[in-house]
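Here's the structure we're looking at; comments come further down.
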Amino acid sequence: DVNNKEERLSLLQNQQIVISLLPARFHILVAQDCLRLGIHLITPSYLTPEIQSMNAEAQEKGLCFVNELGLDPGIDHMSAMQIIDDLHKKGAEITSFKSYCGGLIAQEDDTNPWHYKFSWNPYNVIRAGSDGALCRINNAHKYIPYSRLFTETEEFEINGEKLEGYYNRNSERYIDLYNLKKAETFVRGTLRYKDFCRNWNVLVNMGLTHDSISIHQNHKISWKEYFQMFFPTSENAEKSRLAYMLSEKNALAALEWIWENNEIEVPENATPAQALQNLLEEKWKMEKDDKDRVVMIHEFIYKVGGKCFGLKSWLDIEGENNLQTAMAKTVGLPLALAAELIATGKLQKKGVLMPTIPEIYEPLMRRLADEGIVFREEKHEIN
Numbered sequence: 193d194v195n196n197k198e199e200r201l202s203l204l205q206n207q208q209i210v211i212s213l214l215p216a217r218f219h220i221l222v223a224q225d226c227l228r229l230g231i232h233l234i235t236p237s238y239l240t241p242e243i244q245s246m247n248a249e250a251q252e253k254g255l256c257f258v259n260e261l262g263l264d265p266g267i268d269h270m271s272a273m274q275i276i277d278d279l280h281k282k283g284a285e286i287t288s289f290k291s292y293c294g295g296l297i298a299q300e301d302d303t304n305p306w307h308y309k310f311s312w313n314p315y316n317v318i319r320a321g322s323d324g325a326l327c328r329i330n331n332a333h334k335y336i337p338y339s340r341l342f343t344e345t346e347e348f349e350i351n352g353e354k355l356e357g358y359y360n361r362n363s364e365r366y367i368d369l370y371n372l373k374k375a376e377t378f379v380r381g382t383l384r385y386k387d388f389c390r391n392w393n394v395l396v397n398m399g400l401t402h403d404s405i406s407i408h409q410n411h412k413i414s415w416k417e418y419f420q421m422f423f424p425t426s427e428n429a430e431k432s433r434l435a436y437m438l439s440e441k442n443a444l445a446a447l448e449w450i451w452e453n454n455e456i457e458v459p460e461n462a463t464p465a466q467a468l469q470n471l472l473e474e475k476w477k478m479e480k481d482d483k484d485r486v487v488m489i490h491e492f493i494y495k496v497g498g499k500c501f502g503l504k505s506w507l508d509i510e511g512e513n514n515l516q517t518a519m520a521k522t523v524g525l526p527l528a529l530a531a532e533l534i535a536t537g538k539l540q541k542k543g544v545l546m547p548t549i550p551e552i553y554e555p556l557m558r559r560l561a562d563e564g565i566v567f568r569e570e571k572h573e574i575n
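Residue 475 in the numbering used here sits at position 283 of the sequence shown, with consecutive numbering throughout.
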């Protein structure tokens with residue numbers, strides 16, 4: 193029981209380094225214990241104000257509390273900062289930065305109309321974007337609400353393949369950290385295959401991703417009946433409801449695929465998000481021999497020597513099966529390599545740290561390349 197302090201302390205006693213892969217809300221408990229016991233801590237999760245407030249005491253005790261060190265966040269920070277610092281050393285002024293990452297299914301194992309299967313936390317996928325997103329576009333602060341998040345997407349291309357991305361969380365909090373205060377555009381987002389966002393937006397607008405009110409079922413119903421509960425009321429019943437919500441044939445086909453041919457039952461008492469997660473964990477599960485895929489793209493526009501350039505850097509790797517996944521590799525390796533860095537005394541900086549500093553990203557990016565996690569680059573002049 194992670195909430196049992198005595199159990200936690202008994203596990204942590206006499207340890208030197210802790211890697212916490214607990215749900216993010218529990219990291220604060222582990223951090224408090226590590227601070228008390230004098231243990232280094234590494235997590236892949238977003239840095240919270242509560243852990244940031246431990247910086248002075250961690251420095252005083254000679255501890256490293258490294259946060260945001262997985263894939264996204266993690267490898268995205270390190271790979272971006274490697275380029276940003278290099279461009280700044282060359283005297284470049286970076287005017288635009290876009291960074292997108294997605295956990296996808298390998299194309300040969302894409303077997304459903306959503307073009308998606310779970311390779312990471314299903315709940316986070318269901319609730320993604322529910323708080324909207326903040327970013328900077330053309331020198332303007334932009335807030336994209338949940339209701340528009342999956343319609344205001346961007347298109348990206350790697351090796352002739354088109355992907356789409358939606359804005360992710362609060363990009364603006366990283367502007368200073370990346371030393372890009374003068375950038376006119378600063379955006380971070382999530383990648384998906386084409387049409388996913390359009391189809392997912394239907395579920396969002398229907399209310400199927402809401403997680404605040406539980407719906408109690410007095411008797412067993414089919415998933416189609418459950419979904420129909422969320423259609424707008426109308427005298428013309430199902431036909432006009434479908435027409436209202438689903439103006440595109442592909443979106444309707446994707447929705448029908450979800451509610452048809454299900455062995456899993458509709459839960460008796462669950463929020464819409466919980467019910468949808470139960471269903472999609474079955475419909476979107478990776479089969480034994482399925483391979484996942486991780487794609488990350490950074491796009492820069494910068495000026496140097498009186499000229500303007502575009503630079504694209506991307507990572508594209510596949511897993512081996514449904515257990516040895518690209519997601520597991522790209523989240524787990526940075527954590528392990530950081531632990532080695534601390535254990536061998538090669539990370540001299542102490543306190544609450546992010547992998548945006550060269551003391552972390554330089555050695556880790558070298559080691560990741562040795563493990564096959566390698567970025568490719570393309571540069572072109574913009575007239």
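Even for Gly, the Cβ is constructed at its ideal location relative to N, Cα and C.
Give the range of the alpha helix (DSSP H) segment to which residue i is assigned.
| i | result |
| --- | --- |
| Lys521 | Ala518 to Ala535 |
| Phe388 | Phe388 to Met398 |
| Phe419 | Trp415 to Gln420 |
| Ser311 | Where Ser311 is concerned, there is no enclosing alpha helix (DSSP H), given that its DSSP letter is neither H nor E. |
| Met557 | Pro550 to Asp562 |
| Lys197 | Lys197 to Leu204 |
| Glu491 | No alpha helix (DSSP H) contains Glu491, which is instead part of the beta strand (DSSP E) from Asp484 to Val496. |
| Glu473 | Pro464 to Lys475 |
With respect to the beta strand (DSSP E) encompassing residue i, which residues constitute its N-terminal and C-terminal limits?
| i | result |
| --- | --- |
| Ala507 | Checking the displayed sequence, the identity of residue 507 turns out to be Leu instead of Ala. Taken as a continuous stretch (DSSP letters only), the beta strand (DSSP E) holding Leu507 covers Lys499 to Glu510. |
| Arg217 | Neither: Arg217 is in no beta strand (DSSP E) and is coded neither H nor E. |
| Asp278 | Premise fails: Asp278 lies in the alpha helix (DSSP H), Ile267 to Lys281, not in any beta strand (DSSP E). |
| Leu383 | Thr377 to Tyr385 |
| Lys571 | Arg568 to Ile574 |
| Glu285 | Glu285 to Ile297 |
| Leu545 | Gly543 to Leu545 |
Using C-beta distances below 8 Å, list every residue in its chain close to residue i, excluding the 5 sequence neighbours before and after it, in chain order.
| i | result |
| --- | --- |
| Ala535 | Gln208 and Ile209 |
| Glu551 | Leu539, Gln540 and Lys541 |
| Met519 | Leu263, Gly295, Ser311, Trp312, Asp484, Val486 and Gly511 |
| Asp562 | none |
| Ile413 | Val458 |
Buried or exposed, going by whether 16 or more other CB atoms sit within 10 Å of the CB of residue i?
| i | result |
| --- | --- |
| Leu395 | buried |
| Glu491 | buried |
| Lys480 | exposed |
| Ser291 | buried |
| Leu206 | For clarity, residue 206 is Asn in the given sequence; the question names Leu instead. Exposed. |
| Pro526 | buried |
| Thr382 | buried |
| Gln299 | exposed |
| Asp268 | buried |
| Ile456 | exposed |
| Tyr359 | buried |
| Asn351 | exposed |
| His232 | buried |
Using a Cβ-Cβ cutoff of less than 7 Å, which residues in the same chain neighbour residue i once the five nearest sequence positions on both sides are dropped?
| i | result |
| --- | --- |
| Gln469 | Pro314, Tyr315 and Ile318 |
| Thr517 | Ser311, Asp484 and Gly511 |
| Gly230 | Lys253 and Leu255 |
| Ile286 | Ile276, Leu279, Leu372, Ala375, Phe492 and Tyr494 |
| Asn393 | Phe342 and Thr343 |
| Val194 | Arg200, Leu214, Phe218 and Leu221 |
| Lys499 | Glu573 |
| Ile243 | His219, Ile220, Ala223, Phe257, Asn259 and Val544 |
| Leu400 | Phe422, Pro464 and Leu468 |
Residues in the same chain with beta-carbon distance under 6 Å from residue i, minus the five sequence neighbours each way, listed in chain order, please.
| i | result |
| --- | --- |
| Arg200 | Asp225 |
| Asn514 | Met478, Lys480 and Asp482 |
| Ser212 | His219, Val222 and Thr235 |
| Pro241 | none |
| Ile489 | Tyr292, Phe348 and Trp506 |
Can you find a C-beta in chain D that's less than 8 Å from the C-beta of residue i?
| i | result |
| --- | --- |
| His408 | Checking the listed chains, one finds no chain D in this structure; it contains a single protein chain. |
**Asked** Between the stretch 318–325 and the stretch 509–526, are three or more C-beta pairs nearer than 8 Å?
**Response** no
**Prompt:** If we count Cβ pairs, one from each stretch, closer than 8 Å, do we get three or more for the stretch 367–379 versus the stretch 261–268?
**Reply:** no
**Item:** the stretch 352–361 contacting the stretch 305–314, beta-carbon criterion three pairs below 8 Å
**Value:** no
**Prompt:** Can we say the stretch 218–227 touches the stretch 237–251, given the rule of at least three CB pairs closer than 8 Å?
**Reply:** yes
**Prompt:** Do the stretch 479–494 and the stretch 412–426 touch if we need at least three Cβ pairs shorter than 8 Å?
**Reply:** no
**Asked** Counting Cβ pairs closer than 8 Å, one from the stretch 497–506 and one from the stretch 565–574, do we hit at least three?
**Response** yes
**Request:** Evaluate the contact criterion for the stretch 406–415 versus the stretch 453–466: three or more CB pairs, one atom per stretch, below 8 Å.
**Result:** yes
**Prompt:** Whole alpha helix (DSSP H) runs in the stretch 310–357 with 4 or more residues, listed along the chain?
**Reply:** 314–319 and 338–341
**Item:** Complete runs of the beta strand (DSSP E) confined to the stretch 216–261 [at least 3 residues]
**Value:** 232–234 and 256–258
**Message:** For the stretch 516–532 against the stretch 543–563, do three or more pairs of beta-carbon atoms, one drawn from each stretch, fall closer than 8 Å, so that the two count as touching?
**Reply:** yes
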